[in-house]
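Going left to right, the sequence shown walks through residues 40 to 695 as the working numbering numbers them. Note that beta-carbon positions come from the ideal geometry of N, C-alpha and C, so glycine has one too. Input: a single structure, listed below in structure tokens.
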Amino acid sequence: MRIQLHKRIFLNFVLVIALFGVLGAVVSAFLINRTTLDEAQRRVSLDLRSAWDILHNELDRLQFFVSVLSTGKRVDDAYATPDSPANRAALEAVRRQCGFDFLCLTDGKGKVMMRTLQPYKSGDYLSSDPFVAAALKGETRKGIWLLGPGRLRDEGGDLEERAFMVFEPTAKSKPRAKTSEAAGMVIVAAAPVLDEGGKIMGALYAGSLLNRNHGLVDKIRSIVFEDKLYQGRQLGTVTIFQWDCRIATNVILPNGNRAIGTRVSGEVYDKVLENGLHWYDRAFVVNDWYLSAYDPIQDVEGKAIGILYVGVLARQYDDLKWALWKVYGTISVGVGIFVLAVGLIFARRLTGSISDLADAARKIAGGNLDLNVKEPKTDDEVKDLTRAFNVMALRLKERDEKLRNAYAELEETNHSLQELNRNYLDMLGFVSHELKNSLGVIYTSARALDTGLVGPLNEAQAALARNIAKSIDGAVKMTRNYLELARIEKGELKARLQKADVIEDIVNPVLEELKPMINERKVTIEQNLPDSIPVYADVPLLKIAYRNLLDNALKYGNREGRVRLGYEEKEGMLQFEVWNEGRGLSGEQMTRLFEKFVRFDTPSESSRSTGLGLFITRDILTKHGGRIWAESEAGQWMRFRFVLPAGNPEGGGHGT
């Protein structure tokens with residue numbers, strides 16, 4: 040059955056409208072979901088910020104408390120007679136009134152003089168505690184910290200019992216070897232105690248335990264969410280995690296108990312605790328969906344020790360989303376009817392050339408640009424459209440040809456650049472190798488003159504021989520660095536690990552090699568190293584890395600200064616230290632320290648540097664499965680630390 044053209048166009052128009060309707064529905068669904076989710080995430084991020092403000096207010100209140108109390112008469116009386124039960128009771132009354140969990144006084148050396156809770160433990164030293172240490176330096180310090188079970192027991196009361204957590208089985212949580220946690224998370228503030236002459240005579244600190252501190256999380260929820268309900272449920276929840284375990288929460292289990300001891304999911308664990316990032320998303324918490332926000336809790340040393348969580352009931356935003364869908368559906372139906380009516384009117388005005396143009400457009404979309412649509416005989420808008428379409432197709436074809444030619448030229452240029460870089464690396468390696476061999480012969484001859492192996496020299500000749508040997512030694516080191524750079528750039532520098540001893544195979548040989556420089560600069564070497572440190576390493580490469588660090592310390596450290604070589608095993612890694620007295624580096628310089636060809640020499644330094652030593656050192660340590668970083672105090676000292684795996688990175692075992 041033959042159908043009139045305008046009817047066929049109208050039917051196609053209807054189909055297009057339907058397709059656009061589906062597309063519009065998909066896009067609208069995305070936009071509605073995105074809009075509601077963005078609004079929810081904005082809200083939950085503001086709620087999380089408010090929760091942090093309340094927690095920081097608690098810290099500020101605690102800091103104000105210790106600052107004021109440290110200058111009061113009660114503290115003076117306690118220092119005068121620390122064994123007085125009356126003085127202890129007076130301080131305990133103040134602690135109870137202010138609502139904190141523990142209070143303690145120390146003397147000027149960090150020795151505990153008085154605790155207000157039973158068993159009233161005293162006499163232990165807390166000079167290594169970061170809060171007490173800061174107070175004994177005249178600073179008032181506040182922050183979040185973890186206390187072990189022994190320390191909680193010393194502080195007294197029921198702190199140890201309140202802190203103890205048994206892990207509850209939790210779906211999607213990360214497996215842990217431990218089944219319980221005995222440490223406690225606390226907020227602490229400490230202030231110095233001064234005598235009448237302004238001299239520090241001790242420290243006062245106080246704090247609150249966050250474990251099972253439901254009053255705090257309920258207070259945060261009350262302030263942030265105003266205790267609002269949605270369909271009979273609390274709109275928001277707040278949780279404090281110690282590492283991945285809930286220690287204070289108002290999330291309720293189906294049995295009506297708080298979800299103490301349950302743990303966070305592995306996804307949140309990896310992102311927030313392992314990588315220190317924020318996490319905002321929809322999450323199923325115990326028995327309902329929440330729009331959740333997780334922030335890492337860091338201690339005063341910047342380490343992640345837990346998570347602060349805020350969640351908003353997702354059901355509220357789901358209902359809002361469905362309400363928007365109803366509004367959108369009503370509007371879409373009305374607009375669709377109107378558009379179909381308009382389409383029926385304009386369909387009669389179109390001609391058969393529309394089909395030709397549609398076919399041509401599909402061919403262009405498929406990549407066929409070599410076409411020309413026949414123009415209709417009628418002189419109307421369709422003819423103009425066809426002519427414009429043919430011009431457009433021609434322009435597209437010309438542009439496609441230009442792009443293909445440009446791509447071919449880029450491919451040829453890229454090939455030339457790769458060949459040029461390969462030639463550069465080959466030349467760099469060849470020249471460095473040849474120079475190293477030639478300079479080695481010259482250096483050996485100069486040292487023979489200097490040490491008198493070929494006969495005695497007068498003082499001037501000996502000084503000249505030493506200068507020659509010193510200059511050639513610098514050139515050998517420079518050539519060695521360029522040779523290692525060529526191997527790195529060509530991907531030929533690989534670590535071949537075998538069992539070795541850091542002291543016997545690396546430290547002692549490097550010290551012996553640099554002994555002339557140590558003696559010449561009159562540097563004192565302090566070795567805080569054990570007799571043996573087993574490791575899996577490529578000894579020649581690791582010796583280069585250690586030599587670069589020690590050479591750096593000698594070269595840029597103070598003449599007649601100190602260089603300290605340290606070591607400790609930390610968290611399954613072997614950590615080494617090379618520290619020296621010297622001018623150090625600024626913060627801006629530290630950011631560029633391990634870049635290639637970066638030097639911070641001053642005009643007064645006679646030693647030459649390629650700016651490659653630390654770049655090569657970092658690459659070597661990375662190939663060993665380790666890493667390196669630097670610390671400095673400008674004008675005082677410089678320290679490099681690097682870590683290596685305690686076992687074999689390739690085999691997964693531990694060294695013995």
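Residues of its chain near K238, where Cβ-Cβ distance is below 8 Å and the 5 sequence neighbours each way are ignored: Start at 1 with the first residue of the sequence shown, and residue 238 comes out as number 199. Excluding sequence neighbours, K238 sits near nothing in its chain.
Between the CA atoms of I262 and L365 - distance to the nearest angstrom: Here the question's residue 365 lines up with position 326 in the sequence shown. Here the question's residue 262 lines up with position 223 in the sequence shown. The residue asked about is misnamed: residue 365 is Lys in this sequence, not Leu. So the two alpha carbons sit approximately 34 Å from each other.
Three CB pairs or more closer than 8 Å across the segment 77-85 and the segment 240-247: no
Validate contact between the segment 177-188 and the segment 221-240 using beta carbons, cut 8 Å, 3 pairs: yes
Proximity of L347 and I291 at Cβ, strictly below 8 Å: Residue 347 sits at position 308 when you count from the first residue of the sequence shown. Residue 291 sits at position 252 when you count from the first residue of the sequence shown. No, the pair does not count as a contact, with Cβ atoms beyond the cut-off.
CA-to-CA distance, E131 to G195, given in whole angstroms: Your numbering for residue 195 matches position 156 in the sequence shown. Your numbering for residue 131 matches position 92 in the sequence shown. Answer to the nearest angstrom: the Cα atoms are 12 Å apart.
Simplified DSSP assignment, three categories, for Q157: Counting from 1 along the sequence shown, the entry for residue 157 is found at position 118. DSSP places Q157 in coil when its eight states are reduced to three.
Alpha-carbon spacing of E340 relative to A174, whole angstroms: The count along the sequence shown starts at 1 and reaches residue 340 at position 301. The count along the sequence shown starts at 1 and reaches residue 174 at position 135. Between E340 and A174, the C-alpha separation is close to 16 Å.
For S261, the three-state DSSP class (helix, strand or coil): In the sequence shown, the residue the question calls residue 261 occupies position 222. The answer is helix: DSSP assigns S261 an H, G or I state.
Segment contact, 8 Å Cβ cut-off, at least three pairs: the segment 577-585 with the segment 537-548: yes
Strand pairing of I279, partner residues [DSSP]: For this step, residue 279 is matched to residue 240 along the sequence shown. Looking at the DSSP assignment, I279 forms a beta bridge with A287, L347.
Helix, strand or coil at I370 [DSSP, three-state]: Here residue 370 refers to the residue found at position 331 of the sequence shown. Residue state, collapsed to three classes: helix.
Beta-carbon proximity check, G405 vs V349, cutoff 8 Å: For the purposes of this step, residue 405 is identified with residue 366 of the sequence shown, where counting begins at 1. For the purposes of this step, residue 349 is identified with residue 310 of the sequence shown, where counting begins at 1. Their beta carbons are not under 8 Å apart, which means G405 does not touch V349 by this criterion.
Straight-line gap, K402 to R272 (C-alpha atoms, nearest Å): The residue given as residue 402 occupies position 363 in the sequence shown. The residue given as residue 272 occupies position 233 in the sequence shown. About 59 Å.
Cβ-Cβ distance between I376 and W282 below 8 Å: Against the sequence shown, residue 376 aligns to sequence position 337. Against the sequence shown, residue 282 aligns to sequence position 243. No, the Cβ-Cβ distance between I376 and W282 is not below 8 Å.
N- and C-terminal bounds of the beta strand (DSSP E) containing L316: Locating residue 316 in the sequence shown gives position 277, counting from the first residue. Unbroken run through L316: none, as it is neither H nor E.
7 Å CB neighbourhood of L588 in its chain, flanking five on each side removed: Walking along the sequence shown from the start, residue 588 turns up at place 549. For L588, where only same-chain residues beyond five positions count, the Cβ hits under 7 Å are V617, T656, F679.
Residues near Q777 by beta carbon distance below 7 Å, same chain, minus five either side: In the structure as shown, the chain begins at 40 and stops at 695. Residue 777 is therefore absent and cannot be evaluated.
Inter-stretch contact (C-beta, 8 Å, three-pair minimum) for the segment 288-308 and the segment 125-141: no
Identity of the residue in S84, T369, P495, C284 nearest D320 by Cα: Residue mapping note: residue 320 aligns to position 281 of the sequence shown, counting from 1. Considering only alpha carbons, the answer is S84.
Distance between beta carbons of S247 and F139, contact taken as under 8 Å: Stepping through the sequence shown from its first residue, residue 139 is reached at position 100. Stepping through the sequence shown from its first residue, residue 247 is reached at position 208. Yes, F139 and S247 are in contact; Cβ-Cβ is about 5 Å, under 8 Å.
Cβ-based neighbour list, Y606, same chain, cut-off 6 Å, excluding 5 preceding and 5 following: For this step, residue 606 is matched to residue 567 along the sequence shown. Contacts found: L568, F615.
Cβ-based neighbour list, E97, same chain, cut-off 8 Å, excluding 5 preceding and 5 following: Working through the sequence shown from its first residue, we reach residue 97 at position 58. Within the same chain, E97 has close Cβ partners I226, S247, L255.
Where T145 falls: helix, strand or coil (DSSP): Residue mapping note: residue 145 aligns to position 106 of the sequence shown, counting from 1. In the structure shown, T145 sits in a strand (DSSP, three-state: E or B).
Under the three-state DSSP convention, the category S109 falls into: Position 70 of the sequence shown, counted from the first residue, corresponds to residue 109. If DSSP states are grouped into helix, strand and coil, S109 belongs with coil.
Unbroken beta strand (DSSP E) run spanning G246, endpoints: Locating residue 246 in the sequence shown gives position 207, where the first residue counts as 1. First-last of the beta strand (DSSP E) with G246: 239-248.
Collapsed DSSP secondary structure at F701 in the structure displayed: Look at the range of the chain in this structure, 40 to 695, and you will see that residue 701 is not part of it.
Separation of A210 from I286, as counted between CA atoms: Counting from 1 along the sequence shown, the entry for residue 286 is found at position 247. Counting from 1 along the sequence shown, the entry for residue 210 is found at position 171. When rounded, the distance between both Cα atoms is 17 Å.
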